[in-house]
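Residue numbers (numbering that gives the first Met the number 0), protein chains in the order written: chain A, 0 to 273; chain B, 0 to 377.
One structure is given below, encoded as structure tokens.
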Amino acid sequence: MANVNRRVLPGFSLTLGYTLFYLSILVLLPIIAVFLKAGSLSFPQFWAAVWTERARAAYLLTFGTSLAAAVINLLLGSLIAWVLVRYPFPGRRFIDSLVDMPLALPTAVGGLVYASLYVKTGWIGRWLEPFGIQAAYSRLGIVLVLVFVGLPFVVRTVQPVLEEFDPESEEASASLGATRWQTFSQVILPALYPALITGFALAFARSIGEYGSVVFISGNMPFKTEIAPILIVARLEEFAYGEATAIAVVLLVISFTLLVSINLLESWSRRHAS
Amino acid sequence: MQAEAIDFPTQSSSQLPEPSQAAAEAPRLRRAQRDPDWVRWLLTAIALGAVLLIVGLPILFVFVEALAEGPGTYVENLFNDADTRQSIYLTLTVVPIALVANVLFGLAAAWSVSRFQFRGRAILISLIDLPFSVSPVVAGLMFVLIFGLQGYLGPLLRRDGYSILPYVTSLPLSLMAVALYTLLRPGVPSQQRGIWKHPLPVTLGGGLALFAVLVLAQQWLQLWPQNANLKIIFAVPGLVLATSFVTFPFVARELIPVMDAIGPDEDLAAVSLGASGWQMFWHVTLPNIKWGLAYGIILCNARAMGEFGAVYVVSGHITGQTDTMPLRIEKLFQEYNLPGSFAVASVLTLLAIVTLFIKSKLETHIARQTSHSAGEAP
Numbered sequence: 000m001a002n003v004n005r006r007v008l009p010g011f012s013l014t015l016g017y018t019l020f021y022l023s024i025l026v027l028l029p030i031i032a033v034f035l036k037a038g039s040l041s042f043p044q045f046w047a048a049v050w051t052e053r054a055r056a057a058y059l060l061t062f063g064t065s066l067a068a069a070v071i072n073l074l075l076g077s078l079i080a081w082v083l084v085r086y087p088f089p090g091r092r093f094i095d096s097l098v099d100m101p102l103a104l105p106t107a108v109g110g111l112v113y114a115s116l117y118v119k120t121g122w123i124g125r126w127l128e129p130f131g132i133q134a135a136y137s138r139l140g141i142v143l144v145l146v147f148v149g150l151p152f153v154v155r156t157v158q159p160v161l162e163e164f165d166p167e168s169e170e171a172s173a174s175l176g177a178t179r180w181q182t183f184s185q186v187i188l189p190a191l192y193p194a195l196i197t198g199f200a201l202a203f204a205r206s207i208g209e210y211g212s213v214v215f216i217s218g219n220m221p222f223k224t225e226i227a228p229i230l231i232v233a234r235l236e237e238f239a240y241g242e243a244t245a246i247a248v249v250l251l252v253i254s255f256t257l258l259v260s261i262n263l264l265e266s267w268s269r270r271h272a273s
Numbered sequence: 000m001q002a003e004a005i006d007f008p009t010q011s012s013s014q015l016p017e018p019s020q021a022a023a024e025a026p027r028l029r030r031a032q033r034d035p036d037w038v039r040w041l042l043t044a045i046a047l048g049a050v051l052l053i054v055g056l057p058i059l060f061v062f063v064e065a066l067a068e069g070p071g072t073y074v075e076n077l078f079n080d081a082d083t084r085q086s087i088y089l090t091l092t093v094v095p096i097a098l099v100a101n102v103l104f105g106l107a108a109a110w111s112v113s114r115f116q117f118r119g120r121a122i123l124i125s126l127i128d129l130p131f132s133v134s135p136v137v138a139g140l141m142f143v144l145i146f147g148l149q150g151y152l153g154p155l156l157r158r159d160g161y162s163i164l165p166y167v168t169s170l171p172l173s174l175m176a177v178a179l180y181t182l183l184r185p186g187v188p189s190q191q192r193g194i195w196k197h198p199l200p201v202t203l204g205g206g207l208a209l210f211a212v213l214v215l216a217q218q219w220l221q222l223w224p225q226n227a228n229l230k231i232i233f234a235v236p237g238l239v240l241a242t243s244f245v246t247f248p249f250v251a252r253e254l255i256p257v258m259d260a261i262g263p264d265e266d267l268a269a270v271s272l273g274a275s276g277w278q279m280f281w282h283v284t285l286p287n288i289k290w291g292l293a294y295g296i297i298l299c300n301a302r303a304m305g306e307f308g309a310v311y312v313v314s315g316h317i318t319g320q321t322d323t324m325p326l327r328i329e330k331l332f333q334e335y336n337l338p339g340s341f342a343v344a345s346v347l348t349l350l351a352i353v354t355l356f357i358k359s360k361l362e363t364h365i366a367r368q369t370s371h372s373a374g375e376a377p
């Protein structure tokens, strides 16, 4: 079939050639350039750039806030997906399309709005202030915008699995005398695990690289609210290209590892399912 | 095989079953799925509250803040500020260029991947998704490292008595000529006479010869000023590169599943009836994939308009010169000009709402089309 196509259908070498050309120029060469630049540093130089106290604080903050946001997204997202699939209510379609909003809305707008809502005089910040909670310009603020940015991922991975979930297994479980909670925790939840893990990993991966929204709300104080991408920009603005590149390589390696593990996870769960 | 989007999930994932379909299910099954009423109400309330608090309220807030001082001030903030106006022009220049480049790439990638088998095909598909996993800031940094003044190609861009513009202009022209040849070549062997007979030497040799002639002609005519100190970083070309990188996968990853679902039969029929590549593309392939293509384009456009991190790094934030709309929002925010900032933000929010609206319309078209072609398959 495939060979017939190649002889009959036009454009194989043209389209493949163009695809490879464009991919190499725009994506592969720049990525290679980053590793080349990092490779031009000696190891002590690289280590000195990557492992300063300020950089360590930035990694820790990036991971901590991304993890916290991904956990919140996991819980909220699966709950929202469950409600959207199982409980019809007026305005469900509207709520469903609102979930996609963080993907279509520019991150800068998200950051601007969250910063203005959660400052001490903002619509939400003024209710938190009496409790001594400072939401804007703090770590809490970073988690809040990351929850906003990552909201769609868990919902959109869990939703289709719930929709295709066979009602007969719930029926069987109920007829064998299981309570509703037993059915949920032992029949439904295990079927959702792969989707939950994938959604969690996607939200986490997205949060690690996030810049546009965080820069508005974090205040960018070194050691306190400076995430790794902000540190890269700070180094660039000092024209310390080598150090910026070294930190960028750390981020790149982390996100590639995440990407590969998400892929492995998906193929594993697909094989497990069939 | 293919990573799920770190950005927009594919269209199939957000389809809700119609309410009537749920009502038509056997009541026997529904009883087993029923939860106690208080659980139902509580969970619905939490989910509604969370979505409205996290997404709904912020959207509302953008428009309330933008219009806080009346519509007159709003219009003034948007159009009477020269720098804001400039940022709108700049976004409207950069985004279409990146969009066209990524649409051409998306069409080529989808055609080669979904119509032909070749070694490394799976790797190519996952490479297309690569930009999604790169932090936007790192993406911007890559282009600074290549084209910046201290970058790998920096010295080349500054060398005296020399301009790279002849090469930059000749390359797309010769590529276009090669594409034209391939598209116009007749599909039926009996008509493949003369220059149509041996495609490989003609495209390779012809393309190279055309490239050389174009470069030499431009140099001989001295069309470009010598050492124009071509700026890529801190200028429009850098913004285009960064935007294209970040939005690179959108069109391709929407088109590949659509083309896979439609299958090659109609294209094969067109070619065997004597259509040239161009006729097949224009009359058969394009009409088949138009909804998927439109879907990819609006997602790509939304992301390109709103891109911040990558553009922030390559722009150098020169007010009134290299600030796109999202960068302008940040600058106005730093200057404590919140009404101005929210005015620009409201335009981008409106765009996002329109994008989601078109997206949901297109999803019904695509769902109908793919189920239709899947039903036809034997």
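Where a beta carbon is used, it is the ideal one built from N, C-alpha and C, also for glycine.
Candidates B:Ala-274, B:Thr-318, B:Glu-253 and B:Leu-349, of which the one nearest Ile-124 of chain B by Cα: Along the second sequence, read from residue 1 onward, the residue named residue 124 of chain B stands at position 125. When only C-alpha atoms are compared, the closest one is B:Glu-253.
Test: Ser-39 of chain A CB closer than 8 Å to a CB of chain B: Position 40 of the first sequence, counted from the start, is the residue given in the question as residue 39 of chain A. Cβ-Cβ to chain B under 8 Å: no for Ser-39 of chain A.
Partner residues on chain B for Ala-190 of chain A, Cβ-Cβ distance less than 7 Å: Here residue 190 of chain A refers to the residue found at position 191 of the first sequence. Within chain B, no residue comes near Ala-190 of chain A; the closest Cβ sits about 14 Å away, beyond 7 Å.
Within chain A, partners of Gln-320 of chain B - CB distance below 8 Å: For the purposes of this step, residue 320 of chain B is taken as the residue at position 321 of the second sequence. Chain A residues near Gln-320 of chain B: none, gap ~18 Å exceeds 8 Å.
Of the residues A:Ala-243, A:Tyr-240, A:Leu-263 and A:Pro-221, the one placed nearest Ala-278 of chain A, counting alpha carbons only: Past the boundaries of the shown model lies residue 278 of chain A; chain A is included only from 0 to 273, so the question cannot be answered.
Euclidean distance between Cα positions of Leu-35 of chain A and Pro-43 of chain A: By 1-based counting over the first sequence, the position of residue 35 of chain A is 36. By 1-based counting over the first sequence, the position of residue 43 of chain A is 44. In this structure, the straight-line span from the alpha carbon of Leu-35 of chain A to that of Pro-43 of chain A is close to 16 Å.
Residues of its chain near Glu-242 of chain A, where Cβ-Cβ distance is below 6 Å and the 5 sequence neighbours each way are ignored: Counting from one through the first sequence, the residue named residue 242 of chain A turns up at place 243. Apart from sequence neighbours up to five positions away, the residues of its chain that approach Glu-242 of chain A with a beta-carbon distance below 6 Å are Ala-48 and Arg-234, ordered along the chain.
Under the three-state DSSP convention, the category Ser-13 of chain B falls into: Working through the second sequence from its first residue, we reach residue 13 of chain B at position 14. Here the model assigns Ser-13 of chain B a pLDDT of 42, short of 50, so the residue's position is not dependable, and the following value carries that caveat. DSSP places Ser-13 of chain B in helix when its eight states are reduced to three.
Identity of the residue in B:Thr-90, B:Val-93, B:Leu-350 and B:Phe-233 nearest Gly-145 of chain B by Cα: Numbered from its first residue, the second sequence carries residue 145 of chain B at position 146. It should be pointed out that residue 145 of chain B corresponds to Ile in this sequence rather than to Gly. Of the residues B:Thr-90, B:Val-93, B:Leu-350 and B:Phe-233, the one whose Cα lies closest to the Cα of Ile-145 of chain B is B:Phe-233.
Cutoff 8 Å: Glu-380 of chain B Cβ touching any chain A Cβ: What the structure shows of chain B is the stretch from 0 to 377, and residue 380 of chain B is not part of that stretch, so it cannot be assessed.
Cα-Cα separation between Leu-19 of chain A and Phe-247 of chain B, rounded to whole angstroms: The residue labelled residue 19 of chain A in the question sits at position 20 within the first sequence. The residue labelled residue 247 of chain B in the question sits at position 248 within the second sequence. Their backbone Cα atoms lie some 13 Å apart in a straight line.
Assigned secondary structure, Arg-84 of chain B (DSSP; H/G/I helix, E/B strand, else coil): Mapped onto the second sequence, residue 84 of chain B falls at position 85. Helix at Arg-84 of chain B.
Ala-21 of chain B in three-state terms, based on DSSP: In the second sequence, the residue the question calls residue 21 of chain B occupies position 22. Any reading at Ala-21 of chain B must be qualified, since the residue scores a pLDDT of 47, below 50, and its modelled position is unreliable; no value is offered.
DSSP three-state assignment for Leu-28 of chain B, whether helix, strand or coil: Locating residue 28 of chain B in the second sequence gives position 29, counting from the first residue. Per-residue confidence for Leu-28 of chain B stands at a pLDDT of 47, beneath the threshold of 50, marking its modelled position as unreliable; no derived number is given.
Endpoints, the alpha helix (DSSP H) within which Leu-77 of chain B is located: One-based indexing of the second sequence puts residue 77 of chain B at position 78. Residue range 69–78 is occupied by the alpha helix (DSSP H) that includes Leu-77 of chain B.
Any 3 or more C-beta pairs closer than 8 Å across the stretch 259–270 of chain B and the stretch 320–327 of chain B: No: fewer than three Cβ pairs fall under 8 Å.
8 Å Cβ cutoff, Pro-377 of chain B in contact with chain A: Here residue 377 of chain B is taken as the residue at index 378 of the second sequence, counted from 1. Residue confidence is low: Pro-377 of chain B scores 35 on pLDDT, short of 50, so the model does not pin down where it sits. No coordinate-derived value is stated.
DSSP-derived helix/strand/coil call for Gly-374 of chain B: Numbered from its first residue, the second sequence carries residue 374 of chain B at position 375. Interpretation of Gly-374 of chain B is limited by its pLDDT of 46, a score under 50 that renders its predicted location unreliable; the figure taken from the coordinates is listed afterwards. Helix at Gly-374 of chain B.
Member of B:Ser-111, B:Leu-326, B:Ala-97 and B:Trp-219 whose CA lies at the smallest distance from the CA of Ile-255 of chain B: Here residue 255 of chain B is taken as the residue at index 256 of the second sequence, counted from 1. Ranking the options by Cα distance to Ile-255 of chain B, first place goes to B:Ser-111.
Straight-line gap, Val-167 of chain B to Arg-155 of chain A (C-alpha atoms, nearest Å): For this step, residue 167 of chain B is matched to residue 168 along the second sequence. For this step, residue 155 of chain A is matched to residue 156 along the first sequence. Here the alpha carbon of Val-167 of chain B sits roughly 42 Å from the alpha carbon of Arg-155 of chain A.
Contact set between the stretch 232–247 of chain A and chain B, restricted to residues whose Cβ is under 7 Å from the partner: Within the stretch 232–247 of chain A, contact with chain B at the beta-carbon level (separation under 7 Å) is assigned to Val-232, Leu-235, Tyr-240, Ala-243, Thr-244 and Ala-247.
Glu-54 of chain B to Leu-104 of chain A span [Cα, whole Å]: Taking the second sequence and counting its residues from 1, the one referred to as residue 54 of chain B is at position 55. Taking the first sequence and counting its residues from 1, the one referred to as residue 104 of chain A is at position 105. Before going further, note that residue 54 of chain B is Val rather than Glu in the sequence given. Spanning the two alpha carbons is a distance of roughly 10 Å.
Validate contact between the stretch 87–101 of chain A and the stretch 168–176 of chain A using beta carbons, cut 8 Å, 3 pairs: Flag = no, the stretch 87–101 of chain A and the stretch 168–176 of chain A do not touch.
Under 8 Å from the C-beta of Tyr-210 of chain A: neighbouring residues of chain B: As a working mapping, residue 210 of chain A is identified with position 211 in the first sequence. Near Tyr-210 of chain A (Cβ distances below 8 Å), the residues of chain B are Ser-134, Pro-135, Val-136, Phe-307, Gly-308 and Tyr-311.
Cross-chain neighbours of Met-304 of chain B in chain A, by beta carbon under 9 Å: Here the question's residue 304 of chain B lines up with position 305 in the second sequence. Chain A residues near Met-304 of chain B: Pro-105.
Coil, strand or helix - Glu-225 of chain A by DSSP: Here residue 225 of chain A refers to the residue found at position 226 when the first sequence is read from its first residue. When secondary structure is reduced to three states using DSSP, Glu-225 of chain A falls in the coil class, being assigned neither helix nor strand.
Minimum Cβ-Cβ distance from Trp-110 of chain B to chain A less than 8 Å: Counted from its first residue, the second sequence places residue 110 of chain B at position 111. At least one chain A Cβ lies under 8 Å of Trp-110 of chain B.
C-beta contact flag for Leu-170 of chain B and Phe-210 of chain B at 8 Å: For the purposes of this step, residue 170 of chain B is identified with residue 171 of the second sequence, where counting begins at 1. For the purposes of this step, residue 210 of chain B is identified with residue 211 of the second sequence, where counting begins at 1. Result yes, Cβ atoms of Leu-170 of chain B and Phe-210 of chain B sit closer than 8 Å.
Closest Cα partner of Gln-32 of chain B within the set A:Tyr-240, A:Leu-230 and A:Ser-174: Translated into the one-based positions of the second sequence, residue 32 of chain B becomes position 33. Among A:Tyr-240, A:Leu-230 and A:Ser-174, the Cα nearest to that of Gln-32 of chain B belongs to A:Ser-174.
Residue-chain proximity (Arg-5 of chain A, chain B), Cβ-Cβ < 8 Å: Counting from one through the first sequence, the residue named residue 5 of chain A turns up at place 6. Chain B contact via Cβ: present.
Alpha carbon of Phe-131 of chain B to alpha carbon of Pro-165 of chain B, nearest angstrom: Position 132 of the second sequence, counted from the start, is the residue given in the question as residue 131 of chain B. Position 166 of the second sequence, counted from the start, is the residue given in the question as residue 165 of chain B. Distance between the alpha carbons of Phe-131 of chain B and Pro-165 of chain B: 33 Å.
Residues of the stretch 140–155 of chain B whose Cβ lies closer than 9 Å to any Cβ of chain A, in chain order: Flagged, chain order: Leu-140, Met-141, Phe-142, Val-143, Leu-144, Ile-145, Gly-147, Gln-149, Gly-150 and Tyr-151.
The stretch 10–25 of chain A in contact with the stretch 175–182 of chain B per 3-pair CB rule at 8 Å: These segments touch.
Extent of the continuous alpha helix (DSSP H) to which Ser-169 of chain B belongs: For the purposes of this step, residue 169 of chain B is taken as residue 170 along the second sequence, with counting starting at 1. Element bounds for Ser-169 of chain B: 164–183.
Contact with chain B by Val-108 of chain A, beta-carbon distance below 8 Å: Within the first sequence, the letter at position 109 stands for residue 108 of chain A. It does: the Cβ of Val-108 of chain A has a partner Cβ on chain B nearer than 8 Å.
Terminal residues of the alpha helix (DSSP H) in which Gly-90 of chain A lies: Walking along the first sequence from the start, residue 90 of chain A turns up at place 91. Following the DSSP letters along the chain, one finds Gly-90 of chain A in no alpha helix (DSSP H), marked with neither H nor E.
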